[in-house]
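Asks: Take this structure, written in structure tokens, and hold onto it; I'll ask about it next.
2 protein chains.
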Amino acid sequence: MTGQVRTVDGRVAGRRGQATRQKLLDCLSEMLSSSPYRDVKVIDVARKAGTSPATFYQYFPDVEGAVLEVAEQMATEGGQLTQLLDGRSWVGKAGWQTAQELVDGFLEFWRKNDAILRVVDLGAAEGDKRFYKIRMKILNSVNNSLADAVAELQAKGRVDKDVNPAAVAGSLVAMLAAVASHQKGFQTWGVKQAELKPNLALLVHLGVTGKKPTK
Amino acid sequence: MTGQVRTVDGRVAGRRGQATRQKLLDCLSEMLSSSPYRDVKVIDVARKAGTSPATFYQYFPDVEGAVLEVAEQMATEGGQLTQLLDGRSWVGKAGWQTAQELVDGFLEFWRKNDAILRVVDLGAAEGDKRFYKIRMKILNSVNNSLADAVAELQAKGRVDKDVNPAAVAGSLVAMLAAVASHQKGFQTWGVKQAELKPNLALLVHLGVTGKKPTK
DNA sequence: CACTTGTCCTGTCATGCCGTCAGCTTACCG
DNA sequence: CGGTAAGCTGACGGCATGACAGGACAAGTG
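Protein chains in written order, with the numbering used here: chain P, 1 to 215; chain D, 216 to 430.
Right, dumping it as structure tokens:
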């Protein structure tokens, strides 16, 4: 799809080059987890990777460029999130389970990639289309499936006609993403991780079906 | 409460000093709106304020310190958000109106302060307790009111016992904040601002009362 | 083995921002 | 008018940035 990996000055990267490139990306990922985005410097990433800043600039235009790469890789993995919803039912007990598994899978994915997702969120909120597109790529799979589910229930008359499936789905997905980003924040409100999940699932179920789940 | 405003080196700031200090904060605010957080430099803020970098460092330890100040000022204004919920009813048509006005007021506040709120969100997500506290200060008022409303309905038996009021309220508030941050994103999903609001209100109403609103 | 080719890395350098200090200017007060 | 404290800035060492040319290295060739 993306063709060969190329250096900034146009050379094609060989085996060794790709290895160092990936090492730089991995080290960048680690840095993002351990220090504020604003303080991540090229020189630190390079040092951590046991190489020099000049090498970094051979593969990436700047820190942001490398971050986009990390984000892209994560977004590709994130495509698996569709599986949480493909072919699931929103009716009866199965519906409750669908909601629970969606919440579970979503939070888990976010927890695993929280550092890079923070930055993607920031970039998207700042209006950067590249980050925005990546955020879409991750959320779209879940969002579309949710919107379809709402639209389907709507067609059967089980959901009010004036509900906008895309708006509801988007809001629910945004909620999941936001809660995942600030999981620690809930502890201050006296809410433990284990308690949080069923309540989130409840909200998702309510939003999609308009009704309380049968457990 | 906070006593006198002091410079970094301990002098008390007079009228003139406070003016330049505030001017620096205002210019910082503008910069945050127009360029990515990562690219906001002390020298740019100082230039924009018609002063020198050295002056900046007289009032703030660094960019982050100044950002915290801006955020603090905004958080104080944000206390007004409580008014959106104080003494409101969640029953019948009034309940629907309460939900609508909450969504309206919340989105408006976020739209007005989106730049600084982005940064606060980032800081909080990165685990910085100072930003985290400010985010709390803003959200707590809304969150507590919502949680109280849920708990009250729960006491009357109108909401299931296994619902955790704080978890539900927190999730709804997080949803509002996230949607507000990414309002532009919804346009890609074909959802217009005007359509978004009632659907958000619906989700809030569903979350708080467990039932569809009577319009 | 010497030679060539193309990939890969780094030393070095000009540039620009950071953060501090000493010292100058301005405002206020007796 | 002189003293004192507030207010501001030029200047400087330090460090990150980003570009380049050249050296190191692996692999193939005669």
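Built from N, CA and C at the ideal position, the CB exists for glycine as well.
Select from the region 20 to 45 of chain P all residues with a C-beta closer than 8 angstroms to any C-beta belonging to chain D, and list them in chain order.
Replies: The residues in question are 36, 37, 38.
Asks: Give a yes or no on whether 9 angstroms exceeds the smallest Cβ distance from residue 379 of chain D to chain P.
Replies: True, the Cβ-Cβ gap to chain P drops below 9 angstroms.
Asks: Can you tell me whether residue 126 of chain P is buried or exposed, with buried defined as 16 or more other CB within 10 angstroms of its CB?
Replies: Buried: at least 16 other Cβ atoms inside 10 Å.
Asks: Along the chain, where does the alpha helix (DSSP H) that runs through residue 410 of chain D open and close?
Replies: 408 to 424 is the span of the alpha helix (DSSP H), which, as asked, contains residue 410 of chain D.
Asks: Got a sec: is the Cβ-Cβ distance from residue 229 of chain D to anything in chain P below 9 angstroms?
Replies: So, not an interface residue.
Asks: Compare the C-beta of residue 60 of chain P against all C-beta atoms of chain D and say whether one is closer than 9 angstroms.
Replies: Chain D contact via Cβ: absent.
Asks: When you compare the region 388 to 405 of chain D with the region 277 to 296 of chain D, are there three or more beta-carbon pairs, one atom per stretch, that lie closer than 8 angstroms?
Replies: Touching, no, given that fewer than three Cβ pairs across the two stretches are closer than 8 angstroms.
Asks: Straight-line CA distance for residue 388 of chain D to residue 214 of chain P?
Replies: About 25 angstroms.
Asks: Would you kindly work out how many angstroms separate the C-alpha atoms of residue 352 of chain D and residue 418 of chain D, rounded to a whole number?
Replies: Rounded to the nearest angstrom, the two C-alpha atoms are 24 angstroms apart.
Asks: Report the CB separation of residue 236 of chain D from residue 220 of chain D in whole angstroms; it is logged as a contact under 8 angstroms.
Replies: Residue 236 of chain D to residue 220 of chain D, Cβ: 7 angstroms. Contact.
Asks: Check each candidate in P/205, P/15, P/25, P/30 and name the one with the smallest Cα separation from residue 115 of chain P.
Replies: When each option's Cα is compared against that of residue 115 of chain P, the closest is P/30.
Asks: Going by beta carbon distance, what residues of the same chain come within less than 8 angstroms of residue 154 of chain P, once the five residues before and after it are set aside?
Replies: Closer than 8 angstroms at Cβ, skipping near neighbours: 160, 161, 163, 165.
Asks: Looking at the strands, I want to know which residues DSSP matches up with residue 221 of chain D.
Replies: According to DSSP, residue 221 of chain D bridges with D/227.
Asks: Mind checking whether residue 46 of chain P and residue 24 of chain P have CB atoms under 9 angstroms apart?
Replies: In this structure, residue 24 of chain P lies closer than 9 angstroms to residue 46 of chain P by Cβ.
Asks: Which one of P/52, P/106, P/95, P/135 has the shortest CA to CA distance from residue 71 of chain P?
Replies: Out of P/52, P/106, P/95, P/135, P/135 has the C-alpha closest to the C-alpha of residue 71 of chain P.
Asks: Less than 9 angstroms between the beta carbons of residue 300 of chain D and residue 386 of chain D, yes or no?
Replies: Not a contact, by the Cβ cut-off of 9 angstroms.
Asks: Give me the residue from P/10, P/180, P/201, P/15 with the minimum Cα distance to residue 216 of chain P.
Replies: Residue 216 of chain P lies beyond the range of chain P shown here (1 to 215); nothing can be said about it.
Asks: Report yes or no: is there a C-beta of chain P within less than 9 angstroms of the C-beta of residue 285 of chain D?
Replies: Closer than 9 angstroms: no.
Asks: For the alpha helix (DSSP H) that contains residue 305 of chain D, what are its first and last residues?
Replies: Taken as a continuous stretch (DSSP letters only), residue 305 of chain D belongs to no alpha helix (DSSP H), as it is neither H nor E.
Asks: Do you know offhand how far residue 150 of chain P's Cα is from residue 200 of chain P's?
Replies: Their backbone Cα atoms lie some 17 angstroms apart in a straight line.
Asks: Counting only beta-carbon separations shorter than 9 angstroms, does residue 221 of chain D have a partner in chain P?
Replies: Answer no: the Cβ-Cβ gap between residue 221 of chain D and chain P never drops below 9 angstroms.
Asks: In terms of residue numbering, what span does the alpha helix (DSSP H) encompassing residue 48 of chain P cover?
Replies: Per DSSP, residue 48 of chain P belongs to the alpha helix (DSSP H) from 42 to 48.
Asks: Comparing C-alpha positions only, which one of D/383, D/303, D/251 sits nearest to residue 191 of chain P?
Replies: The residue with the shortest Cα to Cα distance from residue 191 of chain P is D/383.
Asks: Cα separation between residue 196 of chain P and residue 92 of chain P?
Replies: Distance between the alpha carbons of residue 196 of chain P and residue 92 of chain P is about 22 angstroms.
Asks: At a Cβ cut of 8 angstroms, what residues of the region 394 to 418 of chain D count as close to chain P, listed as they run along the chain?
Replies: Answer in chain order: 394, 396, 397, 399, 400, 401, 403, 404, 405, 406, 410, 411, 413, 414, 415, 417, 418.
Asks: Leaving aside the five residues before and after residue 288 of chain D along the sequence, list all residues of the same chain whose C-beta is less than 8 angstroms from its C-beta, in chain order.
Replies: Closer than 8 angstroms at Cβ, skipping near neighbours: 240.
Asks: By the criterion of Cβ-Cβ separation under 7 angstroms, what are the contact partners of residue 168 of chain P in chain D?
Replies: Those within 7 angstroms of residue 168 of chain P in chain D are 414, 418.
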